[in-house]
Amino acid sequence: MRWQSLPLVAGFAVLALIVGSRAMLVEEQRANRAAAREAIEYQQLLSGLLSLAQEAENGQRGYLLTGEKSYLEPYRSAVGAIPGQLARIDSLTAPDDQFVQPINHIKDALSQKQAELAETIALYDQGNATKALDLIRSGQGKAVMDEIRTSMDTVRRISAAAVAARDAHTDQVETWLRIGSVAALLAIFLLAGYAIRESRRRFLEVVVAQEELVRKNVALGSEIETREKAESQIRQMHKMEAVGQLTGGIAHDFNNMLAVIISAMNLAQRKLARGEHDIAQFIDAAIDAATRAANLTARLLAFSRQQPLAPQIVDANRLLTGMSDLIRRALGETIRIETVLAGGLWKTHADPSQIENAVLNLAVNARDAMGDDGKLTIETANSHLDDSYAAAHAEVAAGQYVMIAVSDTGSGMTPDVMAKAFEPFFTTKPVNKGTGLGLSQVFGFVKQSGGHVNIYSEPGEGTTIKIYLPRYFGAEEPAVPTGRGDNPAAPVAETILVVEDDARVRVSTVEAIRELGYTVIDAASGEEALQKLAENPKVALLFTDIVMPVMNGRKLAEEAVARMPLLKVIFTTGFTRNAVVHNGVLDHDVHFLAKPFTIEQLAAKLRDVLGTTQVAAD
């Protein structure tokens, strides 16, 4: 095979040699043209210098013959231009040029000529015209001009000889290249004949191989189609299994919470019907259950990546310490848990509930990998991912990170499994033991937060998954707002327009805001809200639902602010549908209050936006 390729290699080498030689010839020709242009420019500068000397001499003679001062203008102009012309000639003359000596002769002669011209003009100005004319008739000036011309002829001869030598060398190289090109073309024709013969032979081999490949591709295509159908059915089964498990868990938790709420409300009704008023414990129980239901909804939205991230300044050590009981309950008593928290841990800016969810997911995965016995280690550390690490891992920015690692002593992963571990619905767990969404949810959250996640695992040696969240460099505590919010007793007089298409939600929201002391106007749609704004120019704040038919809350707010630039806006909804969310994070200029909310949360949000403080009714 090597000997078969040798002629082709030789042919390419010959072609490369010809092309390279031609390129060198072209470059040499370019250099010759540049040298010729430089020689022409040099000659033009020397001719210009001679013209200036002659022009100065003509002006001097005209002045001596006529006594008219106007003849001295060309003289002065020429004398003033000579130094600049000499400077340009010097800039083109290298210290080792053959032109140096003739140019120096020209400079000396010019100096003598200018001195002679200046002397004759001075004698004439002093009234000694006869002596000035005698000086001219002495022939000294003519001899100097002849010397200048002689030196310029020397420069021209030297320049012409250099250009001729370059052209002769180029012609010689081109002659040899012609001879070499003819010989190379003959060699190439011979190599081409050999290559054509070899190509025909190989083409026949390729045709036979292609026919065999087509036959195998047909069989493989049929197998792939069958496998894809089976994989599609399996993926659909996994999705339905995940939906079923999720639905069952939601139904169980929500039914428990609803049972508490319904029972508490029924007991409160009965108490009130009997004239008894000790119902605070039932109301507290209902509120607690409703709050837990709202938290569950928020976690479900976060799980499906439909809830906007609400990043906060997070101390990972404190967060992990706070969820230790939750992890213990999730893993059971047979799993040993060790926590290694770094001292002086940096802060990070991320959604704490999502960090908690990620750690819990990793802990549950570790439990399933270990079975009934094993050790789980949760570790934090300050970490710096340098440029070399970033170059080796796509989408990782070099910098400082807060690292959270979850390690187990389980069965570990093979390289193939690690490569697919973060893919949605990919799981190595037995049927009914996992949906394959845990790690993909962790991966999505970490990437959305600007971080990085990596897996370190070997079969039989356990697994470590490290989460890197960017270090937070800002102030650790938010600034305390100033204004009327500093005075809890400050009265309020603002008018608020509430826009909500659901009548029951609208009534409860209006009553809650009135309870806080504000004047409230309500509307059931965006169109009605714009009409109410036109009728009530004193409205200070628009409190609008986002998801509404015809005109959503975002479009309503844009139109309302366009009409009333000082109007403030608070959005509220149970599901944003990307109206005020981009890339999973709330827009920086948006005030948002998620449903459901308590009257305390409502008061705080109104106080934050309007700069007033209201105390909820007891």
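If you're matching positions, the sequence shown starts at 1188 in my numbering and goes up one per residue.
All C-beta atoms in this analysis are idealised placements derived from N, C-alpha and C, irrespective of residue type, glycine included.
Assign Q1420 to buried or exposed, taking buried as 16 or more other Cβ atoms, counted over all protein chains shown, within 10 Å of its Cβ. exposed
beta-carbon L1532 near the ligand ZN non-hydrogen atom, thresh 6 Å: What this structure holds is no ligand at all, so the ligand ZN is not there to describe.
Within 10 Å of its beta-carbon, does H1580 have 16 or more other beta-carbons around it, so buried, or fewer, so exposed? exposed
Can you name the residues that DSSP bridges to G1586? L1572
Three-state secondary structure (DSSP) of N1641: strand
Note down the Cα distance separating I1470 from Q1456, rounded to an integer number of angstroms. 11 Å
As assigned by DSSP and simplified to three states, the class of R1701: helix
Bounding residues of the alpha helix (DSSP H) (the contiguous stretch that carries L1728): Careful: L1728 lies outside any alpha helix (DSSP H), inside the beta strand (DSSP E) at V1726 to D1732.
Assuming T1535 contacts A1503 (C-beta within less than 8 Å), just tell me the rounded distance between them. 7 Å
Specify the secondary structure class of G1599 as computed by DSSP and reduced to three states. coil
Just the C-alpha distance for D1333 and A1296, rounded to the nearest angstrom, thanks. 9 Å
Under the three-state reduction of DSSP, which class applies to H1356: helix, strand or coil? helix
Using 7 Å as the threshold, is the C-beta distance between V1726 and L1684 below it? yes
Could you pull out every residue in the same chain whose Cβ sits closer than 8 Å to the Cβ of A1680, ignoring the five residues on either side in sequence? T1706
Straight-line CA distance for L1528 to S1511? 13 Å
Who are the Cβ neighbours of G1462 in its own chain at under 8 Å, not counting the five residues just before and after it? none
Report back the beta-carbon spacing between T1567 and L1532 to the nearest angstrom; my notes put them in contact at under 8 Å. 5 Å
Please classify P1539 as buried or exposed, where buried requires at least 16 neighbouring CB atoms within 10 angstroms. buried
Nonlocal neighbours in the same chain, by C-beta distance under 7 Å from G1670, ignoring five residues either side: Low confidence applies here, because G1670 scores a pLDDT of 45, under 50, leaving its location unreliable; read the following figure in that light. Same-chain partners within the cutoff: G1798.
Do the stretch 1597-1607 and the stretch 1511-1525 make contact, defined as three or more Cβ pairs closer than 8 Å? no
Mapping the DSSP letters down to three states, classify R1365 as helix, strand or coil. helix
Taking only three categories from DSSP, how would you classify E1681? coil
For P1668, which residues from the same chain have a beta carbon less than 6 Å from its beta carbon, with the 5 sequence-adjacent residues on both sides left out? Caution is warranted here: a pLDDT of 44 is assigned to P1668, below 50, making its placement in the model unreliable, and no coordinate value can be reported.
Ordered along the chain, which non-local residues of its own chain (more than five positions away) have a Cβ less than 8 Å from that of I1466? L1454, A1455, K1458 and L1459
Going by DSSP, what residue range makes up the alpha helix (DSSP H) through P1869? Absent from the model: residue 1869. The displayed extent of the chain is 1188 to 1805, so no value can be given.
DSSP beta-bridge partners for S1594? T1564 and T1651
V1756 - partner residues in DSSP beta bridges: L1729
Using DSSP bridges, identify the partner residues of T1253. Answer by DSSP bridge pairing: none, since T1253 is not bridged.
Whole angstroms are fine: how far does the CA of G1328 sit from the CA of K1256? 21 Å
Per DSSP, cross-strand counterpart(s) of T1706: T1682
Mapping DSSP to helix, strand and coil, what is L1528? coil
What's the call for N1723, buried or exposed, on a 16-neighbour Cβ count within 10 Å? exposed
Let me check understanding here. Comparing Cα to Cα, which of A1355, R1414, A1309 and K1634 lies closest to K1653? K1634
If you drop the 5 nearest sequence neighbours on each side, which residues of the same chain put their C-beta closer than 8 Å to that of L1717? L1743, E1746, A1747 and R1750
By Cβ distance, which residues of its chain are closer than 7 Å to V1350, with the 5 residues on each side in sequence left out? A1222, A1223 and A1226
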